[in-house]
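Chemist: The opening residue of the sequence shown carries number 49 in the numbering used here; numbering runs sequentially from there. Each residue gets a CB set at the ideal place from its N, CA and C atoms; glycine is no exception. Once you've had a glance at the structure underneath, I'll fire off some questions.
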Amino acid sequence: MTVLTATDPIHAFEAYLSVTRRLPEARFPKAWQAVRNLGEIAGGFDLILLDAYGVLNVGETSIPGAARRIAALRAQGAPVMVVSNSAGYPKRHMMQRYARLGFDFGANEVVTSREALLARLDTMPPRRWGVMLTPAPGDEDLDPYDIACLDDDRAGYDRAEGFLLVGSHGWTERRQSHLVASLRANPRPVLVGNPDLVAPREDGLTREPGYFAHRLVDEVGVMPEFLGKPFRGIFDLALARHASKSSRVLMVGDTLHTDILGGAHMGFATALATGNGSLSGLDVGDAIAASGIVPDFVMDQI
49 MTVLTATDPI
59 HAFEAYLSVT
69 RRLPEARFPK
79 AWQAVRNLGE
89 IAGGFDLILL
99 DAYGVLNVGE
109 TSIPGAARRI
119 AALRAQGAPV
129 MVVSNSAGYP
139 KRHMMQRYAR
149 LGFDFGANEV
159 VTSREALLAR
169 LDTMPPRRWG
179 VMLTPAPGDE
189 DLDPYDIACL
199 DDDRAGYDRA
209 EGFLLVGSHG
219 WTERRQSHLV
229 ASLRANPRPV
239 LVGNPDLVAP
249 REDGLTREPG
259 YFAHRLVDEV
269 GVMPEFLGKP
279 FRGIFDLALA
289 RHASKSSRVL
299 MVGDTLHTDI
309 LGGAHMGFAT
319 ALATGNGSLS
329 GLDVGDAIAA
339 SGIVPDFVMD
349 QI
């Protein structure tokens, strides 16, 4: 895997290219169509799924015009949902953020990779989990599980019976080396609550749990289980809340290897938003050609 020594769009895109073989397969259109915004195409779909980071917001900042576009889509009668690889915070936190940024999403209209992770945990036998996550008070989602947040103490890694890679804020190379060494000595299950390699924030791209998870494959030979885009589980949760034929669903996102690949894998139409996400500053046509991942539509903003 390409090591992200700098989290700029070029290095991030190269890192995604290097892990493509581990991602789902999909069929794509032969060519993409440029459109001005979602208002031009929304009428052709029964459900519009929206990524969050790079489409609606960058970090804690709303993308200009995004809230107005959601309101306009609702006025057109277009059902919308958010499908986000956001696992580091409880759902309550996300809903508070959307309200603060001017979005009117209901809780049932937001599906996160954390929810996909929790759904998977509920199907597994109880075990002691070591968690990549900065501890936060009031994280009620995780209270039912036997978890311990991983820090600089190597013994905590060896006590764990499995690992959950949930949020990478505060994660360091020292902690990654502890995880690698512990898994080499004793391979155990690894579940990844956020498969993204990077996420766009106000000061640039940050390395996310998926980046560290793919390094485990290269460094240890342990294949994690990914819960989030581009993998199926998170999309199944969304469809369970809004029955729609796959051919009448549009997935909108900023990343070829998660949003567009994941949507195409599900049989959805896809739209790539290029103005504020992981491809910002790159030649979009070149990126599509290099990846072989072709959206149906390309727009600057939603």
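By Cβ distance below 8 Å, which residues in the same chain neighbour Pro57 in space, the five residues on each side in sequence not counted?
Modeler: Leu253, Ser326, Leu327, Ser328, Gly329 and Leu330
Chemist: Can you tell me where the beta strand (DSSP E) holding Val346 begins and where it ends?
Modeler: Phe345 to Met347
Chemist: Taking contact to mean at least 3 C-beta pairs separated by less than 8 Å, is the region 186-205 in contact with the region 299-307?
Modeler: no
Chemist: Could you pull out every unbroken alpha helix (DSSP H) segment of at least 4 residues lying fully inside the region 234-284, listed in chain order?
Modeler: 257-268
Chemist: What residue from Met347, Leu285 and Arg148 has the CA that sits closest to Arg162's CA?
Modeler: When each option's Cα is compared against that of Arg162, the closest is Leu285.
Chemist: Evaluate Pro235 with the Cβ neighbour count: other Cβ atoms within 10 Å of its Cβ, from every protein chain shown; 16 or more gives buried, anything less gives exposed.
Modeler: Counting Cβ neighbours within 10 Å, Pro235 comes out exposed, since fewer than 16 surround it.
Chemist: In angstroms with no decimal places, state the Cα-to-Cα distance between Leu149 and Tyr259.
Modeler: So the two alpha carbons sit approximately 28 Å from each other.
Chemist: By the DSSP assignment, the beta strand (DSSP E) with Gly210 in it spans what residues?
Modeler: Gly210 to Leu213
Chemist: Since Ala317 is in the beta strand (DSSP E), which residue starts that stretch and which ends it?
Modeler: DSSP places Ala317 in the uninterrupted beta strand (DSSP E) bounded by Ala317 to Ala321.
Chemist: If we ignore side chains and look at the alpha-carbon of each, how far apart do Arg289 and Ala261 end up?
Modeler: 29 Å
Chemist: Please check the pair Leu97 and Met299, which I expect to be a contact at CB under 8 Å, by giving their CB distance rounded to whole angstroms.
Modeler: 5 Å
Chemist: CA-CA distance, Gly154 and Val131?
Modeler: 13 Å
Chemist: Assuming Ser216 and Glu256 form a contact by the criterion Cβ under 8 Å, report the distance between their Cβ atoms to the nearest whole angstrom.
Modeler: Right, their Cβ atoms sit about 5 Å apart.
Chemist: Tell me the rounded alpha-carbon separation between Tyr101 and Ser66.
Modeler: 22 Å
Chemist: Within the same chain, show all residues whose beta-carbon is closer than 8 Å to that of Val214, passing over the 5 residues directly before and after it, in chain order.
Modeler: Within the same chain, Val214 has close Cβ partners Ala135, Gly136, Arg162, Leu165, Val179, Met180, Leu181, Gly241, Asn242 and Pro257.
Chemist: What is the rounded straight-line gap between the Cα of Gly269 and the Cα of Asp170?
Modeler: Going by the C-alpha atoms only, they are around 26 Å apart.
Chemist: Taking the alpha-carbon positions, what's the Pro112 to Met129 distance?
Modeler: So the alpha carbons of these two residues sit roughly 19 Å apart.
Chemist: Taking the alpha-carbon positions, what's the Ser110 to Leu104 distance?
Modeler: 6 Å
Chemist: Give me the Cα-Cα distance between Asp94 and Phe283, rounded to the nearest whole angstrom.
Modeler: 15 Å
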